[in-house]
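Sequential numbering from 593 applies to the sequence shown in our numbering.
We treat Cβ as the ideally placed atom computed from N, Cα and C, and that holds for glycine.
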Amino acid sequence: MKLHPFVRLVAKMHFNNCFNPYSDHCKIHDNKNASKIRAQTLSDIIYSATSKPIDAIWIGRDLGYRGGRRTGLALTDDIHIAKHAKRWDLLAERPTLGTATAERTAAIIWSMLDQIDARIFLWNVFPLHPHESGKPFTNRQHNALERRAGEDVLHRLISLLNPSHIIAIGNDAAATAHRVTSSVPIHCVRHPSYGGQNIFISQLSEIYGCSPHQKNLL
């Protein structure tokens, strides 16, 4: 299947000290076709997402080096690629080599998604992996230039998917969501990192009417 135009757009984004999982190749962790696999998987998910109404877009901040840098899927690590694809009635190949890597934030996110039967699309304020200069396996917050580019992409995504509401995970995502749209209801929830796990679970449980019971996480 041809790449969705949205994915082609994101694949062309390039900034200093950023890894674009849809066009860049990691010599250490990626298999030889990793960027193509990530781009095609995201494209297939978007085609599936546009086929029926979307409940929500959940928005995080940036791709992390243990998660989205490897998978090309927001808020998703190697462990949860198959689950992510299955939610859209798809199969997905892992684009990285060696032992599957886990990310704690992804584990918490998916502990909630496992309890929610709704069409939820996962994304980030900035859709690439920003890292410290010369240190590709670190995480840094996106800068103002990157944020503006990410907001343009997010605006396009919201127009494309037309979600019933948005779940903004953390303050950065909340601020961005409010700048990007005034027509879609926005729910702001605590980011699960840095001691916010219990509040995040409680808030999502209230929004979706599911159990706040915590699973054993990595």
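- According to the DSSP assignment, residue 717 belongs to the beta strand (DSSP E) that extends over 712-718.
- DSSP, read as helix, strand or coil, puts residue 781 in strand.
- By the criterion of a C-beta distance shorter than 6 Å, residue 756 is surrounded in its chain by 647, once the five residues flanking it on both sides are discounted.
- In chain order, 598, 601 place their CB closer than 8 Å to the CB of residue 748, counting only its own chain and leaving out the 5 sequence neighbours on each side.
- Straight-line spacing of the CA atoms in residue 696 and residue 783 works out to 12 Å.
- In this structure, DSSP gives residue 604 a state outside helix and strand, which the three-state scheme calls coil.
- With a threshold of 16 other beta carbon atoms within 10 Å, residue 691 falls short and is exposed.
- By the Cβ-count criterion, residue 662 is buried, with 16 or more other Cβ atoms from all chains shown falling within 10 Å of its own Cβ.
- For residue 799, the CB contacts under 6 Å within the same chain, skipping 5 residues up- and downstream, are 779 in chain order.
- If you draw a straight line from the Cα of residue 786 to the Cα of residue 767, it comes to about 19 Å.
- The continuous beta strand (DSSP E) containing residue 653 extends over residues 648-654.
- With distances taken between CA atoms, residue 632 lies nearest to 686 out of 620, 686, 609.
- The criterion of a C-beta distance shorter than 8 Å is not satisfied by residue 698 and residue 730.
- Taking C-beta separations shorter than 6 Å and ignoring five residues to either side along the sequence, the partners of residue 704 in its chain run 796, following chain order.
- Under DSSP, residue 622 takes part in a beta bridge, and its partners are 688.
- The straight-line gap separating the alpha-carbon atoms of residue 643 and residue 721 is approximately 28 Å.
- In its chain, beyond the 5 residues on either side, 662, 663, 686, 688, 692, 693, 694 have a beta carbon closer than 8 Å to the beta carbon of residue 670.
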